[in-house]
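Chains as they are written, first to last, in the numbering used here: chain V, 1 to 387; chain D, 1001 to 1387.
Number of protein chains: 2
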Amino acid sequence: MQNFVFQNRTKIIFGKDTETSVGEESAVFGKKLLLHYGGGSIKSSGLYDRVITSLQEQGIEIFELSGVQPNPRVSLVREGVSICKENNIGFILAVGGGSVIDSAKAIAAGAKYEGDVWDFFTGKQPVEECLPIGVVLTIPAAGSETSGGTVITNEEGLYKRATGHENMRPQFAILNPVLTYTLPSYQTACGITDMIAHILERYFTNEKNVELTDRLCEATLKTIINNAHTVINEPTNYNARAEIMWAGTIAHNDSLSTGRIGDWASHDIEHEISGIYDIAHGAGLAIVFPAWMKYVYKHDVNRFAQFANRVWDVEIDLNNLEKTALAGIKKIEEFFRSIGMPVTLKEANIADEHFDEMAKKATERWPLGNFVKLHEEDVRQIFNLAR
Amino acid sequence: MQNFVFQNRTKIIFGKDTETSVGEESAVFGKKLLLHYGGGSIKSSGLYDRVITSLQEQGIEIFELSGVQPNPRVSLVREGVSICKENNIGFILAVGGGSVIDSAKAIAAGAKYEGDVWDFFTGKQPVEECLPIGVVLTIPAAGSETSGGTVITNEEGLYKRATGHENMRPQFAILNPVLTYTLPSYQTACGITDMIAHILERYFTNEKNVELTDRLCEATLKTIINNAHTVINEPTNYNARAEIMWAGTIAHNDSLSTGRIGDWASHDIEHEISGIYDIAHGAGLAIVFPAWMKYVYKHDVNRFAQFANRVWDVEIDLNNLEKTALAGIKKIEEFFRSIGMPVTLKEANIADEHFDEMAKKATERWPLGNFVKLHEEDVRQIFNLAR
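Encoded structure:
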């Protein structure tokens, strides 16, 4: 087990009607905030009105910036940074899913920086300070509600890049499973795939003697898998929605990666796809992960066999561990398909015209991954396996 | 699943040599601290010198209070409170196990209160404010290093009582598994029992639809059980010590109880035993828990069968779930015995002379437990089952 430092200070407020506390929670951070959200869905659901009422009851002055898209753009982030600087805003409230939260985090960092916010994403400048942010979560998926990271897309060149800082973790995250009842099943499935991917990135490690975190990963994966079809078939099943929502946060709050080094190549590879094609991140991951697994499983057949056995209840064939390992990969591919995800690029209408370009861009700064280091040719092979 | 609020801000610094950062971590909270510890073991191991050196390098003025005993006494707490008040001390550093940390927490609350610190434990006064505290952990057991609770014994009347507050959670906890190499096997086993008990108290709940936390509990229990004999037989096995140490913290950091209501009757019953007999808390729990299980399992045979199956790999007999449930209880009793714990009062040289008194004291304020509410006569029956 590796040495580690773990601290996650985000206050989780979980359950029915919890969004009514947003004013009280926000008021702790001042009387002026930027309310950041996506499109009209929070208005048609009535959530927008409930949030505004709760904030107004605390006498908070509200500035608004809406229009966050999936794969959030740096142009909107820059707009948010300007609003914060011009109005001396001290707090950002993100109401939405991972894209809105990531956009809010980038604004929070940009508002405390003289230069251009994209500098944080090119590696030119590390994040040092940021405004505090709060979250009302509407899409369980990205885990951004307690993570210290953000992923932003630069429209010029279609670069999708990540940065992070411990202080980027939201101060509070309000998680009401009822708010997820209206999520379309495709988006629900994308979210499920994203949270599974967050665990898999941590699970496939070269670190030995990480039994506790292995088992915690497996426990969280099993719970997500067991509740996935229920939330898709019965979108208003509170208990299943609650399991999925809390699992999505646990999947990415960094407790599951303590003492181990995760991989993260599949996320980087997927970012190239969704950077160009504007496919949902979860759908991209459902395509990339099985291909990545097929490409790397021989590196540690035992770990893949453990995954097959403990997560998918595949019986271990001690005479043929490779067969056990491959059965686990088949199981996850079938699972993604069963919840309506594409598992090949073809199913997402993506042909091979950008394979070379994507493989090059993905690896132009450094090789990807830690479980197996992937270079340009490896990434091209993975695209080929994902055809 | 119940609504819940979860926040655990403690910074965990885990791994080899991490105690060298104690000065730097402490200096954040001022230049004057109370160093609180037990007896000579931290001196003979060299830990005391390393801590002092690290604190002095930061120019921190050190006041000392040693002499914390297992089942820490309110008399020493009062002494600590006086030292803090007289010297205007702003931070308490606990170096030791759960008793030292609990004592430090009580001092931290008492130092910010005009009245007598025991008021917090009788319910006369809730904790409102406390000094920040830090921890260098030497005994993985109580989970006090990230919890918001403390248990103190009042010598007058031998009352053992608990209190807590969110701000009692330590600011940081330094966990170096190497520091636990010198723990005698009996104390190691007591710690293992204590952490298992913390999970069981949460596991046995009437709340339905708590799949994620059920599975996280089971994952942590399995890890502790799998590593228990290794740490006892190979006390310097770093990897096993690390699994146990981190599991002990996870067991009691409140993540495993999110959305559910725990029981805690066994802890309360054990407090009566160790309040009178000065038996190690872990040993007391090894006696009480199997007896409690035998007394209550019929209340939810399915949950006990799940426990038997998922934690102990007992095959589920669908025609006789009670048999499955009882097999799980037998397994945990055998396990406690296998690590050298007493599992009957007789084995701990405790006769029945105080059964009536203990049952009365345990229930004098309110009935115990939540899974099953226990009154005086129930507690007496449990003592009888534990003979």
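Note that CB positions come from ideal geometry on N, CA and C, so glycine has one too. Please read these numbers as outputs of a predicted model, since none were measured by experiment.
Give the range of the alpha helix (DSSP H) segment to which Ile382(V) is assigned. Taken as a continuous stretch (DSSP letters only), the alpha helix (DSSP H) holding Ile382(V) covers 376-385.
Who are the near neighbours of Gln2(V) in its chain, counting only those whose CB is closer than 8 angstroms to its CB and skipping five residues on each side? Excluding sequence neighbours, Gln2(V) sits near Glu207, Gly259, Arg260, Ile261.
I'd like the span of the beta strand (DSSP E) that includes Glu64(V), first residue to last. Here the beta strand (DSSP E) through Glu64(V) covers 61-65.
At what residues does the beta strand (DSSP E) containing Ala173(V) begin and finish? Where Ala173(V) is concerned, the enclosing beta strand (DSSP E) stretches over 172-175.
Check each residue of the segment 246-261 of chain V: if its Cβ is closer than 8 angstroms to any Cβ of chain D, include it; give the result in chain order. Listed by position along the chain: Trp246, Ala247, Ile250, Ser255, Thr258, Gly259.
Measuring only between beta-carbons, confirm whether Leu318(V) sits less than 7 angstroms from chain D. Closer than 7 angstroms to the CB of Leu318(V) there is not a single CB belonging to chain D.
Taking Leu1047(D) as part of the alpha helix (DSSP H), name the residues at either end of that continuous run. Counting along the chain, the alpha helix (DSSP H) containing Leu1047(D) begins and ends at 1047-1057.
Where does His1229(D) fall in DSSP's three states? His1229(D): helix per DSSP, three-state reduction.
Could you give the distance in angstroms between the alpha-carbon of Thr1213(D) and the alpha-carbon of Glu353(V)? The straight-line gap from Cα to Cα measures roughly 45 angstroms.
Does the segment 72-86 of chain V come within contact of the segment 42-52 of chain V, defined as at least 3 CB pairs closer than 8 angstroms? These segments do not touch.
Excluding the 5 residues flanking Asn1237(D) on each side, which residues of the same chain have their C-beta closer than 7 angstroms to its C-beta? Cβ within range, chain order: Thr1230, Val1231.
In terms of residues, what are the limits of the alpha helix (DSSP H) holding Arg303(V)? Taken as a continuous stretch (DSSP letters only), the alpha helix (DSSP H) holding Arg303(V) covers 301-312.
Chain D partners of Met1(V), CB-CB under 7 angstroms? Among the residues of chain D, those whose CB is under 7 angstroms from the CB of Met1(V) are Asn1239, Ala1242, following chain order.
Counting C-beta neighbours from all protein chains within 10 Å, is the total for Val1028(D) 16 or more, i.e. buried, or is it exposed? Classification of Val1028(D): exposed, given that the 10 Å Cβ count is below 16.
Just to confirm, is the Cβ distance from Ala1141(D) to Val1151(D) under 7 angstroms? No. Outside cutoff.
Between which two residues does the beta strand (DSSP E) harbouring Gly1096(D) extend? Gly1096(D) -> beta strand (DSSP E) spans 1091-1096.
Nearest neighbour of Gly90(V), chosen from Ser99(V), Leu76(V), Gly110(V) [CA to CA]: Residue Gly110(V) holds the alpha-carbon nearest to the alpha-carbon of Gly90(V) among Ser99(V), Leu76(V), Gly110(V).
Taking 7 angstroms as the limit between beta carbons, can you name the residues of its chain near Ala247(V), skipping five residues before and five after? Closer than 7 angstroms at the Cβ level, and outside the excluded window around Ala247(V), lie Met195, Thr220, Thr223, Ile224.
According to DSSP, residues forming a beta bridge with Asn154(V): In the DSSP output, where bridge partners are listed per residue, Asn154(V) has Tyr159(V).
Rounded straight-line distance, which links the Cα of Leu1035(D) to that of Leu1385(D): Our two residues, Leu1385(D) and Leu1035(D), have alpha carbons roughly 43 angstroms apart in a direct line.
Could one say the Cβ of Ser1014(D) lies closer than 7 angstroms to chain V's Cβ atoms, at least one of them? In the sequence as presented, Ser is not what sits at residue 1014(D); that position holds Phe. At least one CB atom of chain V sits nearer than 7 angstroms to the CB of Phe1014(D).
Roughly how far, in whole angstroms, is the beta-carbon of His1267(D) from the beta-carbon of Gly1143(D), given that I think they are within contact range, below 8 angstroms? Not quite, the Cβ-Cβ distance comes to about 12 angstroms (not below 8 angstroms), so this is no contact.
Does chain D have any CB closer than 7 angstroms to the CB of Gln69(V)? Not closer than 7 angstroms to any Cβ of chain D, the Cβ of Gln69(V) fails to qualify, so no.
Reduced DSSP secondary structure (H/G/I, E/B, other) of Tyr1037(D): Strand, per DSSP.
I'd like to know if Ala1219(D) contacts chain V, where contact means its C-beta is closer than 7 angstroms to some C-beta of that chain. Closer than 7 angstroms: yes.
Alpha carbons only, please: which of Tyr1186(D), Val1210(D), Cys1217(D) is nearest the one belonging to Leu1200(D)? For the residues Tyr1186(D), Val1210(D), Cys1217(D), the minimum Cα distance to Leu1200(D) belongs to Cys1217(D).
Measure the Cβ-Cβ separation of Pro1177(D) and Arg1241(D) and say whether it is below 7 angstroms. Taking 7 angstroms as the Cβ cut-off, Pro1177(D) and Arg1241(D) qualify as a contacting pair.
Name the chain D residues that come within less than 8 angstroms of Val5(V), Cβ to Cβ? Within chain D, the residues placing a beta-carbon under 8 angstroms from that of Val5(V) are Lys1011, Ile1012, Ile1013, Phe1014, ordered along the chain.
Trp1118(D) to Tyr1159(D) span [Cα, whole Å]: Looking at the two C-alpha atoms, the distance is approximately 11 angstroms.
By Cβ distance, which residues of its chain are closer than 7 angstroms to Glu211(V), with the 5 residues on each side in sequence left out? None.
Check for me: the beta strand (DSSP E) holding Leu1183(D) runs from which residue to which? Neither: Leu1183(D) is in no beta strand (DSSP E) and is coded neither H nor E.
Span of the beta strand (DSSP E), counted from its first residue to its last, around Gly1134(D): Run containing Gly1134(D): 1133-1137, per the beta strand (DSSP E) assignment.
With distances taken from CA atoms, which of Ile279(V), Pro170(V), Phe371(V) is nearest Trp264(V)? The option with the nearest alpha carbon to Trp264(V) is Phe371(V).
Looking only at DSSP bridge pairs, what is Lys1032(D) linked to? According to DSSP, Lys1032(D) bridges with Glu1061(D).
Roughly how many angstroms separate the alpha carbons of Thr20(V) and Ile13(V), rounded to a whole number? Take the alpha-carbon of Thr20(V) and the one of Ile13(V): they are about 11 angstroms apart.
Distance between Asn309(V) and Asp317(V) (C-alpha atoms, nearest Å): For Asp317(V) and Asn309(V), the distance between alpha carbons rounds to 10 angstroms.
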